[in-house]
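The sequence shown begins at 3 in this note's numbering and counts up one residue at a time. Glycine residues also receive a C-beta, built at the ideal position from the N, C-alpha and C atoms. So the structure is just underneath, and the comments pick up after that.
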Amino acid sequence: MLYLCLSRKETASLYIQTFHLKKETAHHKFSIYKNDSYTLIISLKGPIQQAIAITYLFDHYPMRSGDHFISIENGTCCDASMDRSVPYIISKITHIDEKITYYPDLLIKHPFTEATLTSSATMLPQTDTSASIFDQLSAAIYESALNFCNVDQIIFIRILSDSLKIHQPILDFLLSLQQQTYQMDPVTFTISESSKIDEIISELHLTESQRQKLLHSLYYAKLKKQDLLSDLTTFITNYQNHGCHSKKEGKYYLEQLLNSICSL
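Right under this line is the structure:
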């Protein structure tokens with residue numbers, strides 16, 4: 003499933019028509035359109051509204067392993083040297099207000115030029131010239147999506163023109179990405195690995211969203227490293243030596259495991 007988030011109705015209409023999405027009439031707070039491959043939400047403008055929309059989306063349609071969240075928006079302003087006739091994929095987001103920088107993990111193949119982005123709920127400081135694109139929404143969108151997605155599931159595409167023609171490469175990319183999702187070879191854990199994974203999920207008192215996050219990370223780790231049994235066994239021994247008696251402790255150990263998986 004590809005989750006699309008757009009704040010402009012005119013732009014969203016192009017994606018709704020292209021992918022033949024049908025409106026979900028049960029929802030009244032936000033307009034949601036979907037089919038078996040895509041779910042699109044039209045969010046409202048403003049950082050707070052964006053955060054609410056994303057939370058609403060994933061509360062009703064939980065993210066699963068192999069899914070992607072794609073934010074498609076117009077940049078408020080950009081460097082004068084940038085080509086306004088092409089889309090950009092964002093590789094770095096700097097949140098000026100919180101002094102935090104995020105790096106979307108672009109593991110997928112894409113046809114776009116990469117760009118950096120600065121985001122602030124207020125105006126861009128005159129001293130900041132490090133980013134190619136500036137907007138007021140991206141930091142809020144990214145931070146909200148992180149509550150439901152892994153870093154490698156989040157894709158930010160930004161455009162610098164109101165012309166709908168600029169969206170054709172994005173539409174082609176989304177079609178290709180969806181086909182890749184369906185054609186992806188399934189990963190099969192060994193019986194011993196599956197047993198260890200079930201043991202971790204049970205003993206760390208993981209919620210369903212935490213379970214999905216763990217499985218998604220293990221999925222990609224399995225693609226890179228065929229044998230995970232020794233790593234899983236070492237991790238289990240570590241937390242069992244210290245004990246895990248609450249969901250809070252389980253969350254702590256889960257973060258440790260996710261960090262170790264990333265380094266495999």
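Buried or exposed (CB count within 10 angstroms, at least 16 for buried), residue i
i, result
"I22", "The question names Ile, but residue 22 in the sequence shown is His. It is exposed - the Cβ of H22 has fewer than 16 other Cβ atoms within 10 Å."
"L231", "exposed"
"H218", "buried"
"S146", "buried"
"L225", "exposed"
C-alpha distance - residue i paired with residue j, whole-angstrom precision
i, j, result
"L256", "D164", "43 Å"
"I168", "V88", "6 Å"
"Y144", "E195", "32 Å"
"T120", "Q242", "43 Å"
"T236", "D154", "25 Å"
"T20", "S265", "39 Å"
"R160", "N37", "24 Å"
"L108", "F158", "10 Å"
"S45", "N240", "43 Å"
Candidates the options, of which the one nearest residue i by Cα
i, options, result
"H244", "P171, Q138 and L206", "L206"
"I56", "R66, S67 and I43", "I43"
"T13", "L162, T96 and D107", "L162"
"Y222", "S67, H112 and I72", "S67"
"M84", "D99, E116 and I54", "E116"
"S134", "Y104, I34 and D81", "D81"
"I138", "D229, T190, L6 and I95", "Reading the sequence as shown, one finds Gln at residue 138 and not Ile. The candidate whose alpha carbon is nearest that of Q138 is I95."
"I110", "E26, I156, H247 and N76", "I156"
Short Cβ contact (9 Å threshold) for residue i with residue j
i, j, result
"K215", "L176", "no"
"I92", "A141", "no"
"L234", "I199", "yes"
"L173", "H70", "no"
"Q180", "S73", "no"
"Y58", "K31", "yes"
"F60", "N152", "no"
"Y35", "I54", "no"
"H97", "Y104", "yes"
"P49", "A123", "yes"
"E75", "L8", "yes"
"I263", "L220", "yes"
Short CB-CB distance (under 9 Å) between residue i and chain B
i, result
"H247", "In the structure shown, chain B does not exist; there is a single protein chain."
- Item | In chain order, each alpha helix (DSSP H) run of at least 4 residues that lies wholly inside the region 97-128 | Fully enclosed alpha helix (DSSP H) runs of 4 or longer: not present.
- Sequence ranges, alpha helix (DSSP H) only - wholly within the region 3-30, length at least 4: Listed in chain order, they are 11-20.
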